[in-house]
């Protein structure tokens, strides 16, 4: 649908023996909002820094609109970056911070004034031109950092955990603003975060990473509903993960019973991991339920209750429900075949 | 960022810090012969001649004495300044430091005017019909000069450590039933030890190696290690002996640095003291 | 009551610290030959001071060496600090330890080591050796003033400049240097002050009749009291006081701008404590 703007080919990065990035392949389409998601040390920031040109890959290539830019220094790449904690120039005021890149490119004073002015409007900072950047709030500094990058009209904007330093409320607002800004400007955003909620709510494409490898690439809905492995399932939202045995296609054994499922293509009696989202478990009467146990803890979380049910076979289950059963009650847990996700065991 | 900006300094460092140090070592460990020089520990052996041991002993004694006095005067001063006896702490601190920005020689010279036979003190005593005192050109005058010049070296490190102590710790100790003397002995003083160690080193080392104070206020009768080194280089011309004394000084410094880093832990910004 | 006692103690210490200076200043206006006595107000020592050619020429040398060595040390030291900040591991440790040597070594040891170097390499002792020595002992203080500023910087600042189109040299010049400017200026002032205050190192590394103010004062003081020195002290103390006030106003203003906060305070302490060099 869209042409590819950035392409990473078996890109790897090794820092003194530690492998930060282990040969990843990834393409980024024009105008998409792509998020690199994963726990710290997964290689997401390294990937971003390689695209930005701040580090040189140990192996592999980076293509920009089909051209190899591996080895091209940052100041010759048509990408701009919003850094962690913003990295604003504290010796310059708001206007000069935003104008910085334009001045390097030797635009005329008139053009600079016009572009910076427009940018300030865009990020709701009109009137802040001569303010000292240190006197700004975290959210305002964030906007300056974004404006400073965007004013150069990059093809791709790289954002390295830009919202991590903001408080929850501000973070929600900025997520919204960033998303609408991206839509409006039609610039490709590559966004790095460890916050799965942030990733799901903002992105067109989510790339889940772990240990320098890509675990899954997909739309937020795909990633959430069809996690490719137990890691993704666990990392994206909360999950119950238990060991199971695939008896045959569409039939899996776990927690001491057999369940119908929608998965197939496994070897007979293959050991698998069974992933079930807490909100997919329904409280039912304990009699003749295939999965039953005793409620061992209850937590009220506002929208729903979070309960832990200790099943008879020793497994524990996290259940999200709007109904509540007190601790000690014997309950059954109902689930639909399509809510049972079967994953290959990553390693025995 | 590029590391190439280091190069001018690296060259400078090697030329003017490293090479001179090796030259000192070279002169300390060799004695001149007709055909050049040979390796020898003779220069160090000379250090043990009674006349030089006496100098060493006097230097150590006066330096130690000055250090103790500085600690006795300085610790309470640092404590008061770090506490809340004054509203504008930074001003008090500044006032404390200002005299130190005056030329060191002038500071020492000032005591000449005060201590000499017709000086301020004796004029005052004469006006009170009291017998005059001979203070100048005594060991006392030398110690006074050391204390005067080095007191801030003691106070500032202790002050900086004390002012960083979390008030909560002190309050917690009180809360746990310690009286103020116990709080001091069991909490504040142990916590301030790194500052005390720095302060002691910062006073002791310059006191040990000064040659100006002893020359001006001691009138040249009290040869200290510093004077000895100066004489070897500027009067006697015995570089070997002078260098060997310097090497001993460097070893002392390295030892005290090791002790300090033991107390302060590594990777601190404040390696200066 | 306790508070009163505490304050009195500090005032007593202040009296001890300021009394000698006050005595010098008062006596610089004393017309009496006998130093203990007050013989009326006079400015004649000041007049004689300015007519004394030895003192005036050593004042000139002091200022010349002070300014030149401070500027050169600041340039080399700032570049060095940037380089050190970006090096790692053993290399960094080694450089830092050697840098601390002149700071931690007794001055007399630094002094004789430089003297040996110059005599050994047959460089004539005089202006040049004095200048080289002053630059040498000033550089570490510049490095130690600039390094904390570099550590405070956001580590992505340099990359941000590259990202916006600066070449590496441009990023250094347009972003890093302006950002650490307060540290550079502190280092420059510190180097200048240390240079004019220095006696020991100058004493050993000068020659050919080149004399700094400190050396002149020393040789005069060795011969006893001289009222001209009192006049000189008064002028120098007033000058240093003015300089300190300016520096402090500058820093206070900067702190109000919120640039440094606690670090500003710390840096001021750093500057002060490294300040009393001349022993």
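Protein chains in written order, with the working numbering: chain A, 1 to 348; chain B, 349 to 621; chain C, 622 to 900. C-beta: ideal position from N, C-alpha, C; glycine also. The structure displayed is predicted, hence computed values, not measured ones.
- Just reading off the alpha helix (DSSP H) that residue 222 of chain A is part of, what are its end residues? From DSSP, the alpha helix (DSSP H) with residue 222 of chain A extends over 220-225.
- Query: Less than 8 Å between the CB of residue 812 of chain C and some heavy atom of the ligand HEM, yes or no?
  - Reply: Ligands in the displayed structure: none, and consequently the ligand HEM is not present.
- Query: At least one CB of chain A closer than 9 Å to the CB of residue 804 of chain C: is that the case?
  - Reply: By the rule that beta-carbons nearer than 9 Å mark a contact, residue 804 of chain C does not touch chain A.
- Below 8 Å on the Cβ atoms is my guess for residue 307 of chain A versus residue 316 of chain A; work out the distance and round it to an integer in Å. Not a contact, Cβ separation roughly 10 Å.
- In whole angstroms, what is the alpha-carbon distance linking residue 562 of chain B and residue 812 of chain C? Taking the straight line joining both Cα atoms gives about 27 Å.
- Closer than 9 Å, Cβ to any Cβ of chain A: which residues of the region 775-794 of chain C, in chain order? Answer in chain order: 775, 776, 777, 778, 779, 780, 781, 782, 783, 784, 785, 786, 787, 788, 789, 791, 792.
- Message: I'd like to know if residue 641 of chain C contacts chain B, where contact means its C-beta is closer than 9 Å to some C-beta of that chain.
- Response: Taking Cβ atoms only, chain B reaches closer than 9 Å to residue 641 of chain C, which makes this a yes.
- Separation of residue 699 of chain C from residue 367 of chain B, as counted between CA atoms: Each residue's Cα considered, the two are about 23 Å apart.
- Message: So if I threshold CB-CB distances at 8 Å, which residues from the region 559-583 of chain B count as touching chain C?
- Response: Those would be 559, 560, 563, 564, 574, 577, 578, 581, 582, in chain order.
- Message: Just to confirm before moving on: does the CB-CB distance between residue 7 of chain A and residue 66 of chain A stay below 9 Å?
- Response: Contact flag set, yes.
- Task: For chain C, find out if any of its Cβ atoms is closer than 9 Å to the Cβ of residue 90 of chain A; answer yes or no.
- Result: Answer yes: the Cβ-Cβ gap between residue 90 of chain A and chain C drops below 9 Å somewhere.
- Thinking residue 660 of chain C and residue 353 of chain B are a contact (beta carbons under 8 Å), I'd like their distance in whole angstroms, please. Rounded, the Cβ-Cβ distance is 59 Å, inconsistent with contact.
- Query: Since residue 598 of chain B and residue 730 of chain C are thought to touch, with beta carbons under 8 Å apart, how far apart are those beta carbons, to the nearest angstrom?
  - Reply: The distance from the Cβ of residue 598 of chain B to that of residue 730 of chain C is about 6 Å, consistent with a contact at the 8 Å cut-off.
- Task: Would you mind sorting residue 174 of chain A into buried or exposed? The rule is 16 or more other CB atoms within 10 Å of its CB.
- Result: Looking at its Cβ environment, which holds 16 or more other Cβ atoms inside 10 Å, residue 174 of chain A is buried.
- Message: Taking 9 Å as the threshold (beta carbon to beta carbon), is residue 730 of chain C in contact with chain B?
- Response: Under the Cβ criterion of 9 Å, residue 730 of chain C is counted among the residues facing chain B.
- Message: Taking 9 Å as the threshold (beta carbon to beta carbon), is residue 53 of chain A in contact with chain C?
- Response: With 9 Å as the cut-off, residue 53 of chain A counts as an interface residue toward chain C.
- Task: Report all residues from its chain with a CB closer than 6 Å to the CB of residue 63 of chain A; omit the five preceding and five following residues, and keep chain order.
- Result: Beyond the five residues adjoining it in sequence on each side, residue 63 of chain A comes within less than 6 Å, by CB distance, of 7 in the same chain, given in chain order.
- Reference residue 404 of chain B; option with closest CA among B:593, B:603, B:452, B:605: Answer by Cα proximity: B:593.
- Query: From C:779, C:767, C:762, pick the residue whose C-alpha is nearest to that of residue 815 of chain C; which is it?
  - Reply: Ranked by how close their Cα comes to the Cα of residue 815 of chain C, the residues C:779, C:767, C:762 have C:762 in first place.
- Task: Would you kindly check if the distance between the Cβ of residue 804 of chain C and the Cβ of residue 771 of chain C is under 9 Å?
- Result: Between residue 771 of chain C and residue 804 of chain C, the C-beta gap is smaller than 9 Å, which places the two residues in contact.
- Task: Return no unless some Cβ of chain C is closer than 9 Å to the Cβ of residue 268 of chain A.
- Result: No, no contact with chain C.
- Query: Interface residues of chain C around residue 152 of chain A at Cβ under 7 Å?
  - Reply: 785, listed in chain order.
- Message: Between residue 247 of chain A and residue 258 of chain A, how many whole angstroms is the CB-CB distance? I'm expecting something under 8 Å.
- Response: That belief holds up - the Cβ atoms of residue 247 of chain A and residue 258 of chain A are roughly 7 Å apart, short of 8 Å.
- Item | Under the three-state DSSP convention, the category residue 569 of chain B falls into | DSSP places residue 569 of chain B in coil when its eight states are reduced to three.
- Determine the direct distance from the alpha carbon of residue 647 of chain C to that of residue 494 of chain B, and round the result to whole angstroms. One C-alpha to the other measures close to 23 Å.
- Task: With 9 Å as the threshold, decide whether the Cβ of residue 360 of chain B is near any Cβ in chain C.
- Result: Residue 360 of chain B counts as touching chain C.
- Name the two residues that bound the continuous alpha helix (DSSP H) containing residue 703 of chain C. That run of the alpha helix (DSSP H) goes 674-706.
- Task: Check each residue of the region 410-440 of chain B: if its Cβ is closer than 9 Å to any Cβ of chain C, include it; give the result in chain order.
- Result: Cβ contacts with chain C come from 421, 422, 424, 425, 427, 428, 429, 431, 432, 433, 434, 438, 440.
- Query: Shorter than 9 Å from the beta carbon of residue 691 of chain C to some beta carbon of chain B?
  - Reply: Judged by the 9 Å Cβ criterion, residue 691 of chain C is not in contact with chain B.
- Residue(s) in a DSSP beta bridge with residue 208 of chain A: Note: residue 208 of chain A sits in a beta bridge opposite A:37, A:216.
- Using DSSP with H/G/I as helix, E/B as strand and the rest coil, what is residue 827 of chain C? Residue 827 of chain C falls in the coil class under three-state DSSP.
- Query: According to the Cβ coordinates, are residue 683 of chain C and residue 867 of chain C closer than 9 Å?
  - Reply: Contact flag unset, no.
- Answer yes or no: does any C-beta atom of chain C fall closer than 9 Å to that of residue 610 of chain B? It does not; no Cβ of chain C falls within 9 Å.
- Message: For a test of the three-state rule: what should DSSP assign to residue 364 of chain B, helix, strand or coil?
- Response: Three-state DSSP puts residue 364 of chain B in a helix.
- Item | Those residues which DSSP pairs with residue 330 of chain A across a bridge | A:294.
- Query: When you compare only the Cα positions, how much space is there between residue 58 of chain A and residue 122 of chain A?
  - Reply: C-alpha separation (whole angstroms): 39 Å.
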